[in-house]
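Asks:
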Amino acid sequence: MRHLKKGWKLKRTSSHRKALLRNLAISLLEHKKIVTTVAKAKALRPFVEKIITRAKRAVLREKNGQLPQGQTVDVHARRIVGRLIHNKAVLQELFDTIAPTVIDRPGGYTRIVKLGFRRGDAAEMAAIELVDWGAPQDGAVSLKSKKKATTKKKTTTAKEKKAKKAEKEQTIEEPQKIETATAQVEEEAKVETVEAPAKEETVAQAEQEVSSEETKVVEDTQTEEMQNTEENKEEEKKSE
2 MRHLKKGWKL
12 KRTSSHRKAL
22 LRNLAISLLE
32 HKKIVTTVAK
42 AKALRPFVEK
52 IITRAKRAVL
62 REKNGQLPQG
72 QTVDVHARRI
82 VGRLIHNKAV
92 LQELFDTIAP
102 TVIDRPGGYT
112 RIVKLGFRRG
122 DAAEMAAIEL
132 VDWGAPQDGA
142 VSLKSKKKAT
152 TKKKTTTAKE
162 KKAKKAEKEQ
172 TIEEPQKIET
182 ATAQVEEEAK
192 VETVEAPAKE
202 ETVAQAEQEV
212 SSEETKVVED
222 TQTEEMQNTE
232 ENKEEEKKSE
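So the working numbering is basically just the index in the sequence shown, starting at one, shifted up by 1.
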């Protein structure tokens, strides 16, 4: 039977154990994270979470206006928590900052992370911290961040698709432009090569015509000279 086995004894008397848990709770609420042994951390966890839950319910009653007439602050809850938290500054911080922050969290306000064994007595050590003030653990992602991440991924994928389509269109258009440009250059070169022989032929024909005309002129002059010489000879004969 498990009679008298509830909770953690921690090898201390009842008064000593209560004082220890109060001091650990004050330190945790003040610094948001403390390092202690695993046994003390496991004993502290339910003790602190009950205090935070009481403060959270008090804040909800204050927001919803469920207090007696003439009261704006749940004095009764603050007095009950004040029996355990003897530090006024920490008590004020609990009701002003910690409780409103965890108001939407249904329990599980603390996290225990094992750190290994302490040198000297080889006691197993652990860090206990408030979840909303601690660093996010590996693989732990909230639902809000998941939704944001999915929406960001969707937008990025749409943008990437548009960019890829634009790149494909550019890659298709560029070879077409290059092909058309090369075809135009080749056609121009062909036209130039065709025009050049035609020009050369026309020049050669013109030169031939000029040379033929010159030869004709020379022949005409020679024939005229021959005729003149013959006429002169005939006249001389007649005069004799």
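We put the CB at the ideal spot given by N, CA and C, even for glycine.
Using 10 angstroms around the beta-carbon of glutamate 235, count the other beta-carbons present and answer buried if the total reaches 16, otherwise exposed.
Replies: Along the sequence shown, read from residue 1 onward, the residue named residue 235 stands at position 234. Glutamate 235 should be labelled exposed.
Asks: Would you list the residues sitting across from glutamate 130 in a DSSP beta bridge?
Replies: Locating residue 130 in the sequence shown gives position 129, counting from the first residue. Glutamate 130 is bridged to Lys34 and Arg112.
Asks: The alpha helix (DSSP H) spanning valine 76 covers which residue range?
Replies: Translated into the one-based positions of the sequence shown, residue 76 becomes position 75. Element bounds for valine 76: 76 to 83.
Asks: Considering only the beta carbon of each residue, do arginine 55 and isoleucine 27 sit closer than 8 Å?
Replies: Walking along the sequence shown from the start, residue 55 turns up at place 54. Walking along the sequence shown from the start, residue 27 turns up at place 26. No.
Asks: Looking at the unbroken alpha helix (DSSP H) that takes in arginine 62, where does it start and where does it end?
Replies: For the purposes of this step, residue 62 is taken as residue 61 along the sequence shown, with counting starting at 1. Following the DSSP letters along the chain, one finds arginine 62 inside the alpha helix (DSSP H) bounded by residues 39 to 65.
Asks: What separation, rounded to the nearest whole angstrom, lies between the Cα atoms of leucine 144 and alanine 184?
Replies: Position 143 of the sequence shown, counting from 1, holds the residue named residue 144. Position 183 of the sequence shown, counting from 1, holds the residue named residue 184. In this predicted model, leucine 144 has a pLDDT of only 49, less than 50, meaning its place in the structure is not dependable; the value taken from the coordinates is given anyway. Leucine 144 and alanine 184: Cα-Cα distance of roughly 60 Å.
Asks: In whole angstroms, give me the CA-to-CA distance for alanine 207 and glutamate 220.
Replies: Here the question's residue 207 lines up with position 206 in the sequence shown. Here the question's residue 220 lines up with position 219 in the sequence shown. Spanning the two alpha carbons is a distance of roughly 20 Å.
Asks: Does arginine 112 pass the burial test, meaning 16 or more other C-beta atoms within 10 Å, or should it be called exposed?
Replies: Translated into the one-based positions of the sequence shown, residue 112 becomes position 111. Classification for arginine 112: buried.
Asks: Would you mind giving the Cβ-Cβ distance between isoleucine 99 and isoleucine 53, rounded to the nearest angstrom? I have them listed as a contact below 8 Å.
Replies: Working through the sequence shown from its first residue, we reach residue 99 at position 98. Working through the sequence shown from its first residue, we reach residue 53 at position 52. Confirmed, Cβ separation roughly 7 Å.
Asks: Is the distance from the Cβ of lysine 115 to the Cβ of valine 39 below 8 Å?
Replies: Mapped onto the sequence shown, residue 115 falls at position 114. Mapped onto the sequence shown, residue 39 falls at position 38. A contact, by the Cβ cut-off of 8 Å.
Asks: Report back the beta-carbon spacing between alanine 78 and alanine 90 to the nearest angstrom; my notes put them in contact at under 8 Å.
Replies: Within the sequence shown, numbered from 1, the residue matching residue 78 stands at position 77. Within the sequence shown, numbered from 1, the residue matching residue 90 stands at position 89. With a Cβ gap of about 18 Å, alanine 78 and alanine 90 do not count as contacting.
Asks: Taking the alpha-carbon of leucine 29 as reference, which of Leu68, His4, Thr172 and Leu92 has the nearest alpha-carbon?
Replies: The count along the sequence shown starts at 1 and reaches residue 29 at position 28. That would be Leu92, whose Cα lies nearest to the Cα of leucine 29.
Asks: To the nearest angstrom, how far is it from the Cα of threonine 224 to the Cα of lysine 217?
Replies: Start at 1 with the first residue of the sequence shown, and residue 224 comes out as number 223. Start at 1 with the first residue of the sequence shown, and residue 217 comes out as number 216. Between threonine 224 and lysine 217, the C-alpha separation is close to 10 Å.
Asks: Given this structure, state the Cα-to-Cα distance separating glutamate 210 from lysine 238, to the nearest angstrom.
Replies: For the purposes of this step, residue 210 is identified with residue 209 of the sequence shown, where counting begins at 1. For the purposes of this step, residue 238 is identified with residue 237 of the sequence shown, where counting begins at 1. Cα to Cα, glutamate 210 sits roughly 42 Å from lysine 238.
Asks: With the cut-off set at 8 Å, would you say alanine 42 and leucine 11 are in Cβ contact?
Replies: Start at 1 with the first residue of the sequence shown, and residue 42 comes out as number 41. Start at 1 with the first residue of the sequence shown, and residue 11 comes out as number 10. Cβ distance not < 8 Å, so alanine 42 and leucine 11 don't count as in contact.
Asks: How many Å lie between valine 186 and glutamate 170 at the Cα?
Replies: Within the sequence shown, numbered from 1, the residue matching residue 186 stands at position 185. Within the sequence shown, numbered from 1, the residue matching residue 170 stands at position 169. Whole-angstrom Cα-Cα distance: 24 Å.
Asks: Excluding the five sequence neighbours on either side, which residues of its own chain have a C-beta within less than 8 Å of the C-beta of threonine 172, listed in chain order?
Replies: Indexing the sequence shown from 1 puts residue 172 at position 171. For threonine 172, where only same-chain residues beyond five positions count, there are no Cβ hits under 8 Å.
Asks: From alanine 20 to asparagine 88, what does the alpha carbon distance come to, in whole angstroms?
Replies: Along the sequence shown, read from residue 1 onward, the residue named residue 20 stands at position 19. Along the sequence shown, read from residue 1 onward, the residue named residue 88 stands at position 87. Straight-line Cα distance between these residues: approximately 13 Å.
Asks: On a Cα-Cα basis, can you pick out the residue from Lys57, Leu61, Arg119 and Gly66 that is closest to tyrosine 110?
Replies: Locating residue 110 in the sequence shown gives position 109, counting from the first residue. Taking only the C-alpha atoms, the option nearest tyrosine 110 is Lys57.
Asks: Could you give the distance in angstroms between the alpha-carbon of arginine 18 and the alpha-carbon of leucine 68?
Replies: Locating residue 18 in the sequence shown gives position 17, where the first residue counts as 1. Locating residue 68 in the sequence shown gives position 67, where the first residue counts as 1. C-alpha separation (whole angstroms): 34 Å.
Asks: In angstroms with no decimal places, state the Cα-to-Cα distance between threonine 73 and glutamate 63.
Replies: Here residue 73 refers to the residue found at position 72 when the sequence shown is read from its first residue. Here residue 63 refers to the residue found at position 62 when the sequence shown is read from its first residue. Roughly 6 Å separates the two Cα atoms.
Asks: Distance, Cα to Cα, tryptophan 134 vs glutamate 125?
Replies: Taking the sequence shown and counting its residues from 1, the one referred to as residue 134 is at position 133. Taking the sequence shown and counting its residues from 1, the one referred to as residue 125 is at position 124. Taking the straight line from one Cα to the other gives about 24 Å.
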